[in-house]
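UniProt numbering puts the first residue of the sequence shown at 1, with every later residue one more than the last.
Here a beta-carbon is modelled for each residue, glycine too, at the ideal position from N, C-alpha and C.
Since this is a predicted model, take the numbers as computed values, not measurements.
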Amino acid sequence: MIWEKTKERLKDALTENVYALWIEPLECVQVQADALFLASPDRYFNAYISQHYLGLIEEKIKECGASARKVVLCEKEAKPLPVKLAKGQMRLPSVPENTTRLRALHPRYTFDEFMVGDCNILAHSACRSISVSEDLVGPCLYINSGTGLGKSHLTHAVAHKIIADSPMTRLHYVTAQQFASEMVRGIQSNTMDQFKRKYHDNCDILLVEDVHSLTGKKKTQEELNELLDTLVKSGRRVILTANSAPRDLVGIDDEFRSRMSAGLVTSIKPPDIDTRLRIVSRKAVQHQLVLEERYVDYLAQHIRGDIRKVESALIALRAKASLRKGDIDLDLVREVVSSVVGHQQVLTSAMIGDLVGSQFKVSVKDMQSRSRKKVVTFPRQVAMYLSRKYTDESLADIGRNFNRDHSTVLHAIKVVTNLTNRDTSVNAQLNLLSDKVKQL
Ligand SMILES: Nc1ncnc2c1ncn2[C@@H]1O[C@H](COP(=O)(O)OP(=O)(O)OP(=O)(O)O)[C@@H](O)[C@H]1O
């Protein structure tokens with residue numbers, strides 16, 4: 001009774017779509033003195049509810065005057081997905097049967113959780129505009145990147161947004177492998193008609209991940225090629241992801257390659273230091289970890305590329321800190337970072353200062369001194385220039401290492417850039433030093 005009453009209030013408080021999508025599937029399975037147990041289709045569903053609606057649900061329960069004020073979310077009894085869904089079972093109401101299963105979507109891979117920087121701004125804005133059907137990028141978007149740089153995150157974000165804004169959209173989210181297996185099953189069981197109907201007729205947006213895995217799978221490539229043609233020609237939306245650009249895919253037919261390149265092709269680059277800082281801060285909050293700013297800096301400085309490594313470092317930090325029942329300190333952060341990135345050394349301005357000093361036979365101490373002698377100023381300026389070029393340190397950090405402020409570093413960069421443009425011997429010297437820096 002109490003849940004029925006609460007649902008009435010939630011119905012008034014939420015839009016029809018949101019209510020149908022997120023509240024209706026919840027089933028009250030138990031009421032205890034202080035808690036109401038609600039069962040949902042799966043744990044992803046639970047996570048989404050916890051993040052977005054738990055407060056409101058509890059508020060409405062309170063308004064209904066129940067003594068049970070707390071909500072405990074649990075999963076409905078896990079059952080294998082039935083081939084033919086029983087009425088309403090484990091399927092979101094109002095959502096067409098053949099839309100993506102929400103359980104395939106990670107609840108936290110949303111636009112809100114995605115940190116945007118120079119490295120991914122185009123992919124991000126293209127996904128945003130596809131998710132609201134803006135016609136900025138055309139119907140087909142291809143995103144490629146190395147591992148762990150956010151392709152799935154963005155693709156899921158598109159799906160979340162579409163499902164939340166317009167749940168009636170027929171959206172299919174599959175990996176290329178799943179698409180291939182489904183097609184093979186269709187061929188083997190003589191149900192290709194059904195397969196074609198699902199993707200050609202009953203699909204408004206298609207999201208296919210990891211198309212590089214179709215290497216050598218001629219038949220699947222043909223099928224997907226034909227499907228892309230149908231969807232794109234009829235103005236429906238497609239997002240494809242892969243580990244490399246279409247031109248670099250191996251074992252892919254030219255026709256299919258060209259079809260995939262027909263719309264916007266964009267790559268996500270490894271995140272720059274500013275984006276990494278924001279990612280570390282955001283993920284720390286997600287993992288309920290309170291981190292001092294200097295440790296956020298340390299993690300962002302040292303963990304580059306694959307963002308999964310940031311997550312594993314944070315998980316390890318939390319686990320180790322709680323085992324030790326102590327605060328997080330620099331030693332612990334260092335230990336965790338080196339276990340995540342191995343012994344890969346991160347280039348610093350201090351290392352570059354040492355190298356340049358030894359090449360010019362000037363001590364680091366002299367470079368840090370106030371001396372304006374040319375034998376000291378030039379190596380100092382070169383060290384600053386190379387530090388800016390090869391490390392992620394800020395101008396202020398580089399300056400600090402040489403006992404100067406950021407404007408001196410800016411000036412040094414200008415001087416050295418001018419010299420390399422004018423003086424071939426300085427240019428040659430810098431090339432030589434650059435090679436040595438790269439070997440550090
Ligand atoms: N810009 C970003 N902001 C916040 N988190 C990010 C960002 N980019 C990636 N991540 C996180 O990094 C992890 C890996 O991302 P994701 O799975 O999307 O990578 P991927 O490019 O699809 O990798 P793969 O090619 O290995 O499948 C996820 O936890 C994701 O949330």
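*Whole-angstrom distance between Gly263 and Pro139, CA atom to CA atom*: The alpha-carbon of Pro139 is positioned some 7 Å away from that of Gly263.
_Quick check on this structure: which residue in Ser358, Glu226 and Thr417 has the alpha carbon closest to the alpha carbon of Gln381?_
The candidate whose alpha carbon is nearest that of Gln381 is Thr417.
_Is the separation between the beta-carbon of Asp201 and that of Arg236 shorter than 7 Å?_
In terms of Cβ geometry, Asp201 and Arg236 do not form a close pair [threshold 7 Å].
*Note down the Cα distance separating Leu291 from Thr6, rounded to an integer number of angstroms.*
Here the alpha carbons of Thr6 and Leu291 stand approximately 38 Å from one another.
*Using the rule of at least 16 other Cβ atoms within 10 Å of the residue's Cβ for burial, across every protein chain shown, is Thr15 buried or exposed?*
Thr15 should be labelled exposed.
*Measuring CA to CA, which of Arg185, Leu149 and Leu207 is closest to Arg170?*
Out of Arg185, Leu149 and Leu207, the CA that lies nearest to the CA of Arg170 is found in Leu207.
*asked:* Considering only their Cβ atoms, is the gap separating Gly353 from Ala383 smaller than 7 Å?
replied: Going by C-beta atoms, Ala383 is nearer than 7 Å to Gly353.
*For His411, is the classification buried or exposed, using 16 other Cβ atoms within 10 angstroms of its Cβ as the cut-off for buried?*
By the neighbour-count rule (16 or more Cβ atoms within 10 Å), His411 is not buried but exposed.
*Under the criterion of a Cβ to heavy atom distance below 6 Å, does Phe111 qualify as lining ligand 1?*
Phe111 has its CB no nearer than 6 Å to any heavy atom of ligand 1.
_Could you tell me the alpha carbon to alpha carbon distance between Ser152 and Asp135, rounded to whole angstroms?_
When the Cα atoms are used, Ser152 and Asp135 turn out to be separated by approximately 22 Å.
*asked:* Considering just the uninterrupted stretch of the alpha helix (DSSP H) at Thr377, what are its terminal residues?
replied: Start and end: Lys374 to Tyr390.
_Looking at ligand 1, does it come within less than 6 Å of Thr266, judged from the CB to the closest heavy atom?_
No - ligand 1 has no heavy atom lying nearer than 6 Å to the Cβ of Thr266.
*Would you decide whether Glu27 is buried or exposed? Buried here means 16 or more other CB atoms lie within 10 Å of its CB.*
Result: exposed.
*Val437 to Gln178, Cα distance in whole Å?*
Whole-angstrom Cα-Cα distance: 45 Å.
*Where Phe37 sits in the DSSP three-state scheme*: Phe37 sits in a strand when the DSSP states are folded into three classes.
*Using a threshold of 7 Å, state whether the C-beta atoms of Met260 and Leu240 are closer than that.*
The answer is yes: Cβ separation under 7 Å.
*Determine the extent of the alpha helix (DSSP H) in which Glu311 is found, giving its start and end residues.*
Per DSSP, the continuous alpha helix (DSSP H) segment holding Glu311 begins and ends at Arg308 to Arg324.
*Buried or exposed: Leu81, going by 16 or more other Cβ atoms within 10 Å of its Cβ?*
The pLDDT assigned to Leu81 is 34, lower than 50, so where the model puts this residue is not dependable, and the model offers no usable value.
*asked:* I need the DSSP call for Lys161, collapsed to helix, strand or coil.
replied: Lys161 falls in the helix class under three-state DSSP.
*Do you know how far the Cα of Met168 is from the Cα of Ser131?*
Their Cα atoms are separated by approximately 14 Å.
*Near Tyr385, which residues of its chain fall below 7 Å by C-beta distance, leaving aside the five closest residues on each side in sequence?*
Close CB contacts of Tyr385 within its chain, under the 7 Å cut and outside five residues either way in sequence, are with Ala412, Ile413 and Val416 (chain order).
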